[in-house]
Amino acid sequence: MISKYIDMQKEKNYTILQDVAQAIKDGELVIFPTETVYGIGANALEKEASKKIYSAKGRASDNPLIVHISKIEMLQELVEEVNEIENKLIENFWPGPFTIIFKAKEIIPRETLGGLDTVAIRMPDNIIAKKLIDYSNLPIAAPSANISGRPSGTKIEDIIQEFDGKVKYIIDGGSSNIGLESTVVRVIDNKVRILRPGKVSKKDIEELGIPVEIDKNVISQVEKEEKVLSPGMKYRHYAPNTKCMMIYSKNKQKMISKINEVSEKQKTLIICRNKNENLYNSNDKILIGDTKEEFAHNIFSALRKVDKYDVDLVIIEGVDKEGIGLAIFNRLIRACEYNYLEL
Ligand code: TXA
Ligand code: MG
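Just remember that this note's numbering sits 939 ahead of the position in the sequence shown, which is counted from 1.
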């Protein structure tokens, strides 16, 4: 198959997306931008279409896909029930980087759901994604656009490299605005349980007067045989081939000294904030921006670059776990395969 590339970075005329929507209706795969990361999408209601996603990504068949909708009327078709707390979350965080798990109606094939009877639903806040769903008039199942285990696709060059020839269309909407995947939650016993942290933080939810718990596997490793609330937690994610380590201290001087100390004994690449560039002795550095938002925006493309360097170890400056920091931490700790030092 030849993938058709569509440049929508500056395009304001969305009618070309009608052709892409037709491909969705025909059961084909399409890569499209969202505000979090790119998605590799297909008709969520057709099992053969969903299966194509698993196969293109090399994804385990028990790891369910997020279903994307563009208007609230689509939700009733897909889920059994929406309770008061869920309604409040929807009102406040949709459209946006926020995914809620519901009890699924029969209409969604179990292939889309990795065999579960629940469905993760999100209404993205990206005009291209919205138009595509509207034109196809179908819910679109879409995991992040990356080969399973690799960092999520946030830049079109990386995506083309992995998926050219495997999908019908690749829509370029520029580099992903947020850069990290959505917050995934499930409401259990009138509390919100965060299963994957994202831009919508614990505090953002608590401000609505809703109690929030963070699932323990957000920051720690899943034990063998342990039952998890979200299958994605079990799998290896984001880790480059080169060994990575995260080092963090609230005391910046301590963090810098430790990183320099570890660097002395081996060849390292340091992923650091722009302002810290000259404080490290190591020659190789990837700069990640200064704010946490910039860090989030750049981290996946940085992780994709590290294997190009000939080093023994990649050291990544850590973050505090406040706000979007928890989401960054959650991705980094996986990229480092839990090789983490906090001083
Ligand atoms: O921002 C995002 O969420 C992006 C964009 C494309 O929307 N999508 C994304 O999808 O990150 P994916 O498949 O890479 O991650 C979905 C996560 C996985 O960890 C999966 O296990 C979990 O959500 N998930 C999906 N359905 C679930 C369900 N029914 N119950 C529990 N976890 C679920
Ligand atoms: Mg993913």
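From the three backbone atoms N, C-alpha and C, an ideal C-beta is built for every residue, glycine too.
Beta-carbon proximity check, residue i vs residue j, cutoff 8 Å
i, j, result
"I1109", "S942", "yes"
"P1090", "Y1187", "no"
"I1254", "I1198", "yes"
"M947", "S1009", "no"
"L1226", "N1217", "no"
"M1172", "C1275", "no"
"S1083", "G997", "no"
"P1078", "M1013", "yes"
"I1039", "E1025", "yes"
"L968", "K1107", "yes"
"A999", "T1051", "no"
"M940", "G1104", "yes"
"V1151", "K1141", "yes"
"V1139", "P1036", "yes"
"V1018", "I1060", "yes"
"E987", "G966", "yes"
"R1135", "N1269", "yes"
"K1242", "T1207", "Contrary to the premise, residue 1242 reads as Leu rather than Lys in this sequence. Taking 8 Å as the Cβ cut-off, L1242 and T1207 do not qualify as a contacting pair."
"K1231", "V1258", "yes"
"N1022", "P1170", "no"
"A981", "I963", "yes"
"D1064", "E1120", "no"
"F1102", "I992", "no"
CB-CB length for residue i against residue j, believed under 8 Å
i, j, result
"H1236", "G1118", "4 Å"
"L1004", "A1081", "7 Å"
"S1115", "V976", "5 Å"
"I1047", "G1112", "Not quite, the Cβ-Cβ distance comes to about 26 Å (not below 8 Å), so this is no contact."
"Q957", "Y1074", "5 Å"
"Y1277", "Q1160", "5 Å"
"D1246", "T1181", "6 Å"
"I1209", "S1221", "5 Å"
Identity of the residues DSSP links to residue i by a beta bridge
i, result
"G978", "F971, S1083"
"D1130", "It should be noted that the sequence gives Lys, not Asp, for residue 1130. Looking at the DSSP assignment, K1130 forms a beta bridge with I1127."
"C1211", "L1226"
"M1184", "I1254"
"L1280", "I1186"
"K1042", "T1057"
"L1152", "Per the sequence shown, the amino acid found at residue 1152 is Glu instead of Leu. Per DSSP, R1132."
"T1093", "None; T1093 has no bridge partner."
"V1167", "The partner list for V1167 (beta bridge, DSSP) is empty, contrary to what the question assumes."
"Y944", "I1109"
"I1005", "A1059"
"F1037", "T1122"
"V1018", "A1043"
Candidates the options: closest to residue i by CA position
i, options, result
"G1262", "F1234, K964, I1066", "F1234"
"D1056", "N1065, D1064, I1067, A1043", "A1043"
"V1131", "G1148, D965, G1088", "G1148"
"I1272", "D1251, N1156, V1201, E1096", "N1156"
"I1099", "I1127, Y944, E985", "Y944"
"R1175", "G980, N1022, G1088, I1011", "G1088"
"I1153", "W1033, P1034, Y1277, A1266", "A1266"
"K1094", "D965, I1238, V1245", "I1238"
"E1256", "Y1248, G1228, K1244", "G1228"
"N1076", "I1011, K1027, S1202, E1101", "I1011"
"G1053", "E1020, K990, F1102", "K990"
"E1146", "K1027, Y1219, K1166", "K1027"
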